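Only one structure is covered here, and it is reproduced in the block below.
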Amino acid sequence: MRDHDSQNLELATSDAEVDALNAGFYGTIRYPWPPMYFERLTDRRFWADMLDQDVGRVGRPVLPREGARVWVAGCGTNQAVITALMFPDARVVGSDLSAGSLEVAAASARQMGVANLELRRESINQAGYAEEFDYVVCTGVIHHNADPDHALARLAAALRPAGVMQLMVYNRYHRTHTTAFQKAVRTLLGCAGYAYEEELALARRFVDHYAGPGEMGAWLAQQRDTPETELADALIQPVEHSYTVESLDRMADSAGLELLAPFPSGWNAAHDACDWELEMGDAELQRVYDTLPDARRWQVTNLLLLAGSPMLWFYLQRRNSPVPRSSVRQLCEAFLEGRYAPARTTRQMHFRGDDDQGYSPTPDQEVPFPVPRAQGDARRVLDALDSGSPMRATLERLGIPTGDLRAVNRLRLELASSAFPFLKAL
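Counting with the numbering used here, you get residues 1 to 426 for the letters of the sequence shown.
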């Protein structure tokens, strides 16, 4: 039974009807807006290696060196281009409902000479891929479908047996104001269907003028400088489901998938919210919490932190994958026993011109990457790193406890993850 009270599901009638709504909506707003720059790294395996470190596949790569295939499902204007630049030795397919979004992506790809990308106008719900892709990327998409369970099942079917998926769906506790506002606008207009221009005009009027009591007025006031594309996506999207860790885990299980590990996204990193491991402040509470399996522990974190919990952005794999899942504890043990060297490469930056005529490379062509910005214990580890010894030896030499799961996991994320790619496993 659908939870219509806390989700925007009035228009979630059928896959075909919602596909048509989304095709029109994103054909109009072309989301997301063009980034200021794209980048291409000299080390062609850099991001593939970081993916392996994120999920515990060092030595058993998610993306093989030859014949790797990646699907960006619901790619919008730029995600497929970014992904093709990140994995230049893989063949990347970018799918989207919006012809306009695909046109923007194709233009960007041409300007940078991206040759490993194929763009297709197609719906996830109608895609017939069967075990074709090593890596499937789908972020911020299935929750705008009529039946996200069906969409996720199509994504799962597209994975090769040992494949990995990167999935993001809305966190229920992040969407309280957004969903309530979407429903209020539709109720005020009193229309049975969807009316983009009328809804956007009313939403903009609320943002500029609403002064009612309660939390909504303050929240809307924060949107006043928001670009129209972002405002439309946030405030008048036609259909929006949202999830908790519990309901996401249940949906994944019904699709034959399991949660592998949290994806350390740039958004979560910027908000210091990559880490799902909670400090309870009491020894007995901590003991009970720490004994839970990963997904149950993340569920408790989601429930206790509410709107302060991270985005629901996870790696998943098939339950019957030939590569066993690594728990957080096993990821931390592998981090402690592994040997690491500073990650060093260069990147070529393509910036968008002020005349909005596309992207061109920087004059210097290549600049160092990454630039370490670690602080605290992570900074100390970087400065004292001994690549000839296991990480455990470096931490012990610095007096950093290696028996604390939360402390070790935080260092793993802050030093050797795709959000903080400062160390590469040897």
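Every residue gets a Cβ at the ideal spot worked out from N, C-alpha and C, and that includes glycine. This one's a predicted model, so the numbers in the text were calculated from it and none came from an experiment.
Rounded to the nearest angstrom, how far is the Cβ of residue i from that of residue j, given a contact under 8 Å?
{"i": "W313", "j": "M168", "result": "4 Å"}
{"i": "P238", "j": "L21", "result": "4 Å"}
{"i": "P342", "j": "F422", "result": "7 Å"}
{"i": "N171", "j": "M311", "result": "6 Å"}
{"i": "R186", "j": "E10", "result": "6 Å"}
{"i": "S95", "j": "G128", "result": "So it is not a contact: roughly 12 Å between Cβ atoms."}
{"i": "G358", "j": "A105", "result": "The pair is not a contact, with the Cβ atoms about 13 Å apart (cut-off 8 Å)."}
What's the gap between the Cα of residue i and the Cα of residue j?
{"i": "S123", "j": "C138", "result": "12 Å"}
{"i": "R397", "j": "R347", "result": "34 Å"}
{"i": "Y289", "j": "N302", "result": "13 Å"}
{"i": "S321", "j": "G163", "result": "8 Å"}
{"i": "L41", "j": "M86", "result": "7 Å"}
{"i": "A273", "j": "L231", "result": "24 Å"}
{"i": "Q330", "j": "R2", "result": "37 Å"}
{"i": "G59", "j": "Q222", "result": "46 Å"}
{"i": "V245", "j": "Q375", "result": "30 Å"}
{"i": "T226", "j": "E132", "result": "39 Å"}
{"i": "S14", "j": "A146", "result": "6 Å"}
{"i": "Y26", "j": "G100", "result": "8 Å"}
{"i": "H209", "j": "V72", "result": "39 Å"}
{"i": "L413", "j": "A261", "result": "11 Å"}
{"i": "P293", "j": "D54", "result": "18 Å"}
{"i": "R110", "j": "P88", "result": "15 Å"}
{"i": "A416", "j": "L189", "result": "50 Å"}
{"i": "K183", "j": "L51", "result": "38 Å"}
{"i": "R154", "j": "V93", "result": "15 Å"}
{"i": "G193", "j": "A425", "result": "53 Å"}
{"i": "A338", "j": "E279", "result": "The sequence given here has Gly at residue 338, not Ala. Rounded to whole angstroms, G338 to E279 spans 25 Å at the Cα level."}
{"i": "R120", "j": "G281", "result": "51 Å"}
{"i": "A156", "j": "S326", "result": "19 Å"}
{"i": "V136", "j": "D386", "result": "35 Å"}
Which of the three DSSP states, helix, strand or coil, is assigned to residue i?
{"i": "S98", "result": "coil"}
{"i": "Q237", "result": "coil"}
{"i": "D249", "result": "helix"}
{"i": "N22", "result": "helix"}
{"i": "P148", "result": "helix"}
{"i": "F206", "result": "helix"}
{"i": "Q126", "result": "helix"}
{"i": "L8", "result": "The amino acid at residue 8 is misidentified as Leu; the sequence shows Asn. Strand at N8."}
{"i": "T402", "result": "coil"}
{"i": "V367", "result": "strand"}
{"i": "F351", "result": "strand"}
{"i": "L51", "result": "helix"}
{"i": "E279", "result": "coil"}
{"i": "S360", "result": "strand"}
{"i": "A437", "result": "Outside the shown range of the chain (1 to 426) lies residue 437, about which nothing can therefore be said."}
{"i": "V62", "result": "coil"}
{"i": "T13", "result": "coil"}
{"i": "T77", "result": "coil"}
{"i": "V325", "result": "Checking the sequence, you will find Arg at residue 325 rather than Val. In this structure, R325 counts as coil in the three-state DSSP scheme."}
Tell me where the beta strand (DSSP E) around residue i begins and ends.
{"i": "A162", "result": "159-169"}
{"i": "E258", "result": "257-262"}
{"i": "Y340", "result": "340-342"}
{"i": "Y315", "result": "312-318"}
{"i": "R380", "result": "First-last for R380: 376-384, but that is the alpha helix (DSSP H), not the beta strand (DSSP E)."}
{"i": "E39", "result": "37-41"}
{"i": "W71", "result": "69-73"}
{"i": "A428", "result": "This structure cannot speak to residue 428, because the chain is shown only from 1 to 426."}
What residue range does the alpha helix (DSSP H) around residue i cover?
{"i": "T244", "result": "Per DSSP, T244 belongs to no alpha helix (DSSP H) and is neither H nor E."}
{"i": "C332", "result": "328-337"}
{"i": "T178", "result": "176-189"}
{"i": "T139", "result": "Not the alpha helix (DSSP H): T139 falls in the beta strand (DSSP E), residues 133-139."}
{"i": "L90", "result": "In the sequence on display, residue 90 carries Ala and not Leu. Element bounds for A90: n/a, residue is neither H nor E."}
{"i": "T301", "result": "294-305"}
{"i": "A115", "result": "No alpha helix (DSSP H) holds A115; DSSP gives it neither H nor E."}
{"i": "W219", "result": "215-221"}
{"i": "A269", "result": "266-270"}
If we count the other Cβ atoms within 10 Å of its Cβ and call it buried at 16 or more, is residue i buried or exposed?
{"i": "V254", "result": "Residue 254 is actually Ser in this sequence, not Val. By the 10 Å Cβ count, S254 comes out exposed."}
{"i": "Q365", "result": "exposed"}
{"i": "C191", "result": "exposed"}
{"i": "T179", "result": "buried"}
{"i": "Y37", "result": "exposed"}
{"i": "G56", "result": "buried"}
{"i": "Q166", "result": "buried"}
{"i": "R160", "result": "buried"}
{"i": "T83", "result": "buried"}
{"i": "A307", "result": "exposed"}
{"i": "T77", "result": "buried"}
{"i": "E258", "result": "buried"}
{"i": "T291", "result": "exposed"}
{"i": "L235", "result": "buried"}
{"i": "V371", "result": "exposed"}
{"i": "P368", "result": "exposed"}
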